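J.:
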Amino acid sequence: KIAQSRLVMDAMGTASPIAAQLNKGRPFDSVCPTVGAVIKGVDKEVWDADYGDVLNSHGDISRGRQLIWELFPGKDDELTIYLFHYHEVNSENPGSLLEMYEDFFTILPEYRRCDMDKLTFEKATFGYIPGYFNVGSGDRTVAFDRLLAIGDAASLQSPLVFTGFGSLVRNLDRLTKLLDIALRKDLLTAQDLNKIRAYQSNIAVTWLFSKGMMVPTNTNLPPQRINSMLNTFFGLLADSPPEVADTFIKDRTSWLMFNRLAIKAAFQNPALIVWIWQMAGAKDFIRWVGAYLAFTFDAILSIFLMGWFPQWLEKSEGWLEQKYPSFWLTLLSLRYRLTVGT
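Position one of the sequence shown corresponds to residue 433 (this note's numbering), numbered consecutively onward.
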């Protein structure tokens with residue numbers, strides 16, 4: 433059978449052969465080996481059903497990785513618990529999921545006081561979560577003529593806390609409106625479809641944090657190095673008003689907030705910059721500067737445009753969309769780029 437369509441959506445995930453072809457087989461920049469389970473039976477006295485855990489570190493890097501817990505309360509006494517670590521892509525050190533599960537079952541009672549014999553394991557959750565470090569809005573190709581990648585296939589997610597699916601959900605209004613215009617106006621060339629993306633410069637700039645939590649292969653570092661970095665930064669968040677931590681964890685950081693936190697962290701712990709340089713390396717640190725400059729450029733654009741640009745777009749929608757549909761798609765894409773997530 434032959435199926436025909438005006439537009440093909442690639443939602444095959446990070447392993448999509450189409451997405452790989454679009455980006456000429458570009459390798460992933462990072463990977464998170466992740467194991468976990470959906471569990472029942474943990475006493476409610478040792479967890480609060482209204483709160484989860486994000487980036488709760490365990491142990492040190494003496495074994496070449498910094499283990500991190502995440503916990504999400506579910507229905508009734510159900511908990512979803514993950515154990516993972518940020519990991520560089522290296523064929524000599526792929527990161528064993530079996531070894532991770534051995535750690536998971538061994539140290540789970542230390543993380544959340546529980547009797548392993550009384551737990552009910554509803555479902556196992558495991559896998560490798562790969563990611564890219566995006567330097568600018570056009571760094572990754574997401575479309576070809578009549579083909580568009582979304583979600584994990586587009587790989588425009590936060591390097592810190594969520595996957596391409598989260599990126600898709602967060603930008604759902606943006607993506608659906610732009611896609612609606614493209615379909616109605618037959619704007620289905622690669623040039624037009626590449627404007628329909630979930631890229632956010634305030635998220636792309638955070639990949640240095642995840643890089644700073646990866647232990648380079650065959651490198652000896654002080655065991656408490658990553659914990660010391662985390663203590664510095666999350667100590668700042670703890671000392672800040674609650675809305676600051678909430679904004680940062682939800683990837684809604686503004687340029688001003690990002691720089692304020694970075695400067696405070698550098699003053700509180702001057703060794704932090706040297707540590708990140710050692711963890712990231714010169715090449716990736718320079719790449720990150722490019723992402724930071726893109727973030728700065730968007731912040732400057734926002735200062736000059738956001739006082740009038742959205743209102744002008746709303747008033748001009750009728751004639752702009754009718755006479756210059758491709759230009760209208762470009763302007764609307766720019767507006768979303770400057771406003772989503774901030």
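Beta carbons are placed, not taken as given, at the ideal position from N, Cα and C, and that holds for glycine. The structure displayed is predicted, hence computed values, not measured ones.
Please look up how many angstroms separate the CB atoms of E520 and T649, rounded, as I've assumed it's under 8 Å.
T.: In the sequence shown, the residue the question calls residue 520 occupies position 88. In the sequence shown, the residue the question calls residue 649 occupies position 217. Between T649 and E520 the Cβ distance is about 7 Å, and since that is below 8 Å, they are a contact.
J.: Whose C-alpha, out of I613, G570, D509, is nearest the C-alpha of L761?
T.: Position 329 of the sequence shown, counted from the start, is the residue given in the question as residue 761. That would be I613, whose Cα lies nearest to the Cα of L761.
J.: Identify the residues that DSSP records as bridge partners of W501: which are they?
T.: Start at 1 with the first residue of the sequence shown, and residue 501 comes out as number 69. DSSP lists N488, L515 as partners of W501.
J.: Can you find the residues in the same chain that come closer than 8 Å, C-beta to C-beta, to F717, ignoring five residues on each side of it along the sequence?
T.: Translated into the one-based positions of the sequence shown, residue 717 becomes position 285. Counting only Cβ-Cβ distances below 8 Å, and skipping sequence neighbours, we find L640, I708, W709.
J.: Identify the continuous alpha helix (DSSP H) that holds K747 and give its terminal residues.
T.: Numbered from 1 along the sequence shown, position 315 holds the residue referred to as residue 747. Per DSSP, K747 belongs to the alpha helix (DSSP H) from 741-755.
J.: Sorted by chain position, which residues of the same chain lie with C-beta nearer than 6 Å to I450's C-beta, five sequence neighbours on each side aside?
T.: The residue labelled residue 450 in the question sits at position 18 within the sequence shown. Closer than 6 Å at Cβ, skipping near neighbours: D442.
J.: When the Cβ atoms of the segment 566-574 are set against those of the segment 469-479, are three or more pairs found closer than 8 Å?
T.: Output reads no: the segment 469-479 does not touch the segment 566-574.
J.: To which residues of the same chain is W720 closer than 6 Å at the C-beta, ignoring the five residues directly before and after it?
T.: One-based indexing of the sequence shown puts residue 720 at position 288. Result list for W720: L640, in chain order.
J.: Do F576 and N634 come within 9 Å of each other at the CB atom, strictly closer than that value?
T.: Your numbering for residue 634 matches position 202 in the sequence shown. Your numbering for residue 576 matches position 144 in the sequence shown. Taking 9 Å as the Cβ cut-off, N634 and F576 do not qualify as a contacting pair.
J.: Does DSSP classify P541 as helix, strand or coil?
T.: Your numbering for residue 541 matches position 109 in the sequence shown. Of the three classes helix, strand and coil, the one that applies to P541 here is helix, per DSSP.
J.: For L688 versus F665, is the C-beta spacing smaller than 9 Å?
T.: The residue given as residue 688 occupies position 256 in the sequence shown. The residue given as residue 665 occupies position 233 in the sequence shown. Not in contact: L688 and F665 (Cβ atoms no closer than 9 Å).
J.: What span of residues does the beta strand (DSSP E) with S462 cover, start to end?
T.: The residue you call residue 462 lines up with position 30 of the sequence shown. 462-472 is the extent of the beta strand (DSSP E) around S462.
J.: Can you tell me which of the three DSSP states L579 falls into?
T.: Position 147 of the sequence shown holds residue 579. Reduced to three states, the DSSP call for L579 is strand.
J.: Just to check my reading of the structure: Y533 and V467 have Cβ atoms closer than 8 Å, yes? What is that Cβ distance to the nearest angstrom?
T.: Taking the first residue of the sequence shown as 1, we reach residue 533 at position 101. Taking the first residue of the sequence shown as 1, we reach residue 467 at position 35. With a Cβ gap of about 5 Å, Y533 and V467 count as contacting.
J.: For T762, which beta-bridge partners are listed by DSSP?
T.: Taking the sequence shown and counting its residues from 1, the one referred to as residue 762 is at position 330. The partner list for T762 (beta bridge, DSSP) is empty, contrary to what the question assumes.
J.: Does the beta-carbon distance from D584 to T595 come in below 9 Å?
T.: Position 152 of the sequence shown holds residue 584. Position 163 of the sequence shown holds residue 595. In this structure, T595 lies closer than 9 Å to D584 by Cβ.
J.: Tell me the rounded alpha-carbon separation between K755 and T638.
T.: Against the sequence shown, residue 755 aligns to sequence position 323. Against the sequence shown, residue 638 aligns to sequence position 206. Each residue's alpha carbon lies about 39 Å from the other.
J.: In whole angstroms, what is the alpha-carbon distance linking V676 and F516?
T.: As a first step, residue 676 is located in the sequence shown; it is residue number 244 there, counting from the start. As a first step, residue 516 is located in the sequence shown; it is residue number 84 there, counting from the start. Near 25 Å, if we compare the C-alpha coordinates of F516 and V676.
J.: Spatial neighbours of L529 within its chain, please: C-beta separation below 7 Å, excluding the five flanking residues on both sides.
T.: For the purposes of this step, residue 529 is taken as the residue at position 97 of the sequence shown. Cβ neighbours of L529 beyond the five flanking positions: P465, V467, F558.
J.: With DSSP as the reference, label D605 as helix, strand or coil.
T.: Position 173 of the sequence shown, counted from the first residue, corresponds to residue 605. Three-state result, D605: helix.
J.: I need the boundaries of the alpha helix (DSSP H) containing Y724, first residue and last residue.
T.: By 1-based counting over the sequence shown, the position of residue 724 is 292. Run containing Y724: 703-737, per the alpha helix (DSSP H) assignment.
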